[in-house]
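First up is the structure itself, then whatever we jot down about it.
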Amino acid sequence: MILSALARYYERRCEAVDPAMADRVEVPAFGYRAQGVGFALVLTAAGRVASIRDLRRQERRKLIPRTLFVPEDSRTSGDKAFFLCDKADYLFGATAGEGKGSAAAVVPTGKRATLSHALHHRLLAGCDDAGARALRAFFDAWRIDDLAAVLARSAVAWEDVGKAFLALELDDEPGFLHDRPALRATWAREYAARGSSDGGQCLVTGTTGPIARLHQGLKLPGTTGNGAPFVSFNTEAFCSYGLGPDDKGLNAPVGEWAAFAYATGLADLLRNDRRRLRLGDTTVVFWAERPCPAETTIADLFNPPLAATGSAAAEGPRELDPSTAERLYAALSAMRDGRPPTDDLSGGDPGIAFHVLGLATPAGSRVSVRLWQVTTLEVLVGRIGRHYRALAIEKAHAKEPEFLPLWLLLVSTAPEGKSENVSPPLAAALTRAVLTGGPYPAGLLATVLNRVRAEHSDRTPVSYPRAALIKACLARSGTIDQEAYVTLNTDSDTPVAYKLGRLFAVLERAQLMAHGREVNATITDRYFGSVSSSPRTAFPPLLRLLPHHLAKIDASRWLDNLIGRILEGIDGKAGFPAHLSLEEQGLFALGYYHQRNDFFKPRRQASSDSAQPAAQTEE
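So the sequence shown is numbered by our numbering: it starts at -19 and just counts up by one.
This is the structure we're talking about:
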């Protein structure tokens, strides 16, 4: 099913023409591959080298090769020539050695030039195209001694040319040789002749024909070389039906065209940052059954750049122009409020089928499917909106994003707040929960609370992303009403654990008002872990310190009254609970976060419980 959907996506992409290059599609045709090409070797009709043209573009102080679709081939080991696009050692018979610029040493590689000469003479022997004649003449006449004059005439450095891939052009004629119809026909015959001799019925298309023995590797984080194949059989444990590793692709027969189509379509998705998310070691790609605006927007809805989330910061994995950011923010707001986004997102068809595929390479050599979902765009958008409703909580600072990207949530669960420390299983499970609408991972709340106890940021252990995750976990589990805990909840029937969190925030506030910011360690630094898990043991000593703090505060009656109102909701006979469960610890952290935030709001916005005299609204 996955391979079929990817093959259909490839077919659709073949029909989509890039407006910037009206004569080319954005994915290679069967038998071709995407290759970074640095230079073009321009030939005259007589086979002389007219010049070497630089195809690279400037990008952040670097020269980036141009991506061209050239005849498909691979070199794993040994010497092998490529058709119509190859490196300098095969075309010129020399490579760049030590030295800089044009002074780089010319190191002869005669054997490789001979291989390229033989390949092109064999394939182009019966071709009467002008490009084919020029190329045959080039190989017959080329001498390494001519290289210095060609480089000087072209004003290019041998250090760059000698290590790059070169395409071929005919002087005064547009296009590359590998795009000329006659040469494409020549390559089609050669590519078909190289196909597998093993025939069978393709599991993807149902047609009978050559079966792919080896599948194209995918470039995912953690892979090296040619990447990791999506379908492979290299040990007996993966084989069946009496077939062994030597039978290669016959264990799961996929036709050569289908193998090329699904791998090329997936590679196109993986290199497009508008259709791809990278979360920990998992890469998630999105696509629809037909073109629609959501294909290039859904990743941003799911993991919005900070500039489009109501944040004052413009940083993030990717920046957007103001108009796009405004539309994205409007869509996010509608989704969070339970309203459908505009038709601009769905193209007028919210029922369009949408595919979500999550991949990882935990061992670096084999692709693992972490997530596979086929749903409608309407359902997918609704699930993402439900996720944002669960996360909705007041911000600690105005500059923080209103819509928290998933990468920021995951980083808040990682030691030291580093993305490389994000747990891969947790990243995959949280992604799956959002996209499927299922419960959040069982260990998510415990992970966040562990970080709350272990790390303090700006003297508060409960940061905005952590508070949002705690609230979302409690809401999804049915512990709290998600609408009632967006801001401080002062109702008398709130859980005792939530009230205790509020109480601890008040005690912290009293200490800071009494001693100022110069205090070396606050009660939060020292006692948050113990007071949030064993309140009966930790709270009495803190309450005994309270009179000493209040004695140093001018407006102490306000704090004393606030503490009294909070304690009214706690059963005096039972006293403080001996221990708090995991969910209760989450409620404690939530109460602490809400109460602390409420202290620093302007008086007209703060709750009546927390409203304090003007003289005490510093910080």
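For every residue, glycine included, the Cβ atom is placed at its ideal position computed from N, Cα and C. Note that the coordinates shown come from a computational prediction; the quantities given were computed from them, not determined experimentally.
Review point. Do the CB positions of Gly318 and Gly365 come within less than 8 Å of each other?
Key: Contact check for Gly318 against Gly365 passes: the beta carbons are separated by less than 8 Å.
Review point. According to the Cβ coordinates, are Pro45 and Leu35 closer than 8 Å?
Key: Cβ atoms of Pro45 and Leu35: closer than 8 Å.
Exercise for review: Less than 8 Å between the CB atoms is what I'm expecting for Thr89 and Asp69, so what's the real figure, rounded?
Suggested key: 4 Å
Practice item. Measure the alpha-carbon distance for Thr427 versus Thr393 and round it to whole angstroms. Key: 6 Å
**Study point:** Boundaries of the beta strand (DSSP E) in which Pro520 is found, first to last residue
**Key:** Run containing Pro520: none in the beta strand (DSSP E); it sits in the alpha helix (DSSP H), Pro515 to Leu530.
Check your understanding: Does the pairing of the segment 384 to 391 with the segment 441 to 456 give three or more beta-carbon distances under 8 Å?
Key -> yes
Check your understanding: What's the call for Glu78, buried or exposed, on a 16-neighbour Cβ count within 10 Å?
Key -> Here Glu78 is exposed: its Cβ has fewer than 16 other Cβ atoms, across all protein chains shown, within 10 Å.
Review point. For Thr203, which residues from the same chain have a beta carbon less than 8 Å from its beta carbon, with the 5 sequence-adjacent residues on both sides left out?
Key: Closer than 8 Å at the Cβ level, and outside the excluded window around Thr203, lie Gly197, Thr341, Gly344 and Ser345.
Point to revise | Delimiting residues of the alpha helix (DSSP H) encompassing Tyr(-10) | key: Here the alpha helix (DSSP H) through Tyr(-10) covers Ile(-18) to Glu(-5).
Review point. Going by alpha carbons, who is nearest to Ala353 out of Val391, Ala310, Gly496 and Thr416?
Key: Position check: residue 353 holds Gln in this sequence, whereas Ala was assumed. Residue Thr416 is the option with its Cα nearest to Gln353.
Review point. Hey, quick one: how far does the alpha helix (DSSP H) through His495 stretch, first residue to last?
Key: Val476 to His495
**Study point:** Helix, strand or coil at Glu139 [DSSP, three-state]
**Key:** helix
**Study point:** Helix, strand or coil at Leu23 according to DSSP, with G and I counted as helix
**Key:** strand
Practice item. Tell me, to the nearest whole angstrom, how far the beta carbon of Tyr420 is from that of Ala464; I am working on the premise that it is less than 8 Å. Key: Contact flag wrong, Cβ pair sits at about 19 Å.
**Study point:** Cβ neighbours of Gln462 in the same chain (closer than 6 Å, five flanking residues each side left out)
**Key:** Ala370 and Ala455
Check your understanding: For His574, which option in Ala485, Ala84 and Arg41 has the closest C-alpha, if you only look at C-alpha atoms?
Key -> Ala485
Point to revise | N-terminal and C-terminal residue of the alpha helix (DSSP H) that Asp461 is part of | key: First-last for Asp461: undefined, no H or E at that position.
Check your understanding: What are the uninterrupted segments assigned as beta strand (DSSP E) that are 3 or more residues long and contained completely in the segment 52 to 122, given in chain order?
Key -> Correct list: 65 to 67, 74 to 76 and 86 to 88.
Point to revise | CA-to-CA distance, Ala372 to Ala294, given in whole angstroms | key: Any answer about Ala294 is weak, because its pLDDT of 34 lies below 50 and its placement is not dependable; what the coordinates show is given next. Between Ala294 and Ala372, the C-alpha separation is close to 21 Å.
**Study point:** Simplified DSSP assignment, three categories, for Gly155
**Key:** Note: Gly155 maps to coil in three-state DSSP.
Review point. Which residues mark the beginning and the end of the alpha helix (DSSP H) in which Ile364 is found?
Key: Run containing Ile364: Leu357 to Leu371, per the alpha helix (DSSP H) assignment.
Exercise for review: Just the C-alpha distance for Ala14 and Trp267, rounded to the nearest angstrom, thanks.
Suggested key: In this model, Ala14 and Trp267 are separated by some 21 Å (Cα to Cα).
Review point. Tell me, which residues are paired with Lys581 by DSSP?
Key: Partner(s): none; Lys581 has no beta bridge.
Practice item. Could you tell me the boundaries of the alpha helix (DSSP H) in which Ser313 lies? Key: Pro302 to Arg316
Check your understanding: At what residues does the beta strand (DSSP E) containing Ser147 begin and finish?
Key -> It should be pointed out that residue 147 corresponds to Ala in this sequence rather than to Ser. Phe145 to Leu150 is the span of the beta strand (DSSP E), which, as asked, contains Ala147.
Check your understanding: Using the beta-carbon count (16 or more within 10 Å), is Arg160 buried or exposed?
Key -> buried
Practice item. Using three-state DSSP, classify Ile600 as helix, strand or coil. Key: Because the chain is modelled from -19 through 599, residue 600 falls outside the range shown and cannot be assessed.
Point to revise | For Asp3, three-class secondary structure by DSSP | key: At Asp3, the pLDDT of 40 sits below 50, so the modelled position is not reliable and the matter cannot be decided from this model.
**Study point:** Start-to-end residues for the alpha helix (DSSP H) that takes in Val265
**Key:** No alpha helix (DSSP H) contains Val265, which is instead part of the beta strand (DSSP E) from Thr262 to Ala268.
Exercise for review: Indicate whether Val234 and Leu183 have their beta-carbon atoms separated by less than 8 Å.
Suggested key: yes
Check your understanding: Who are the Cβ neighbours of Phe580 in its own chain at under 6 Å, not counting the five residues just before and after it?
Key -> none
**Study point:** Assigned exposure category for Ala2 - 16 Cβ within 10 Å defines buried
**Key:** Its pLDDT being 38, under 50, Ala2 is placed unreliably by the model, and the measurement read from it follows with that caveat. By the 10 Å Cβ count, Ala2 comes out exposed.
Check your understanding: Roughly how many angstroms separate the alpha carbons of Ala409 and Val141, rounded to a whole number?
Key -> For Ala409 and Val141, the distance between alpha carbons rounds to 47 Å.
Check your understanding: What span of residues does the alpha helix (DSSP H) with Pro405 cover, start to end?
Key -> Pro404 to Thr416
Point to revise | Rounded distance between the beta-carbons of Val7 and Pro209, thought under 8 Å | key: 19 Å between Cβ atoms; not a contact.
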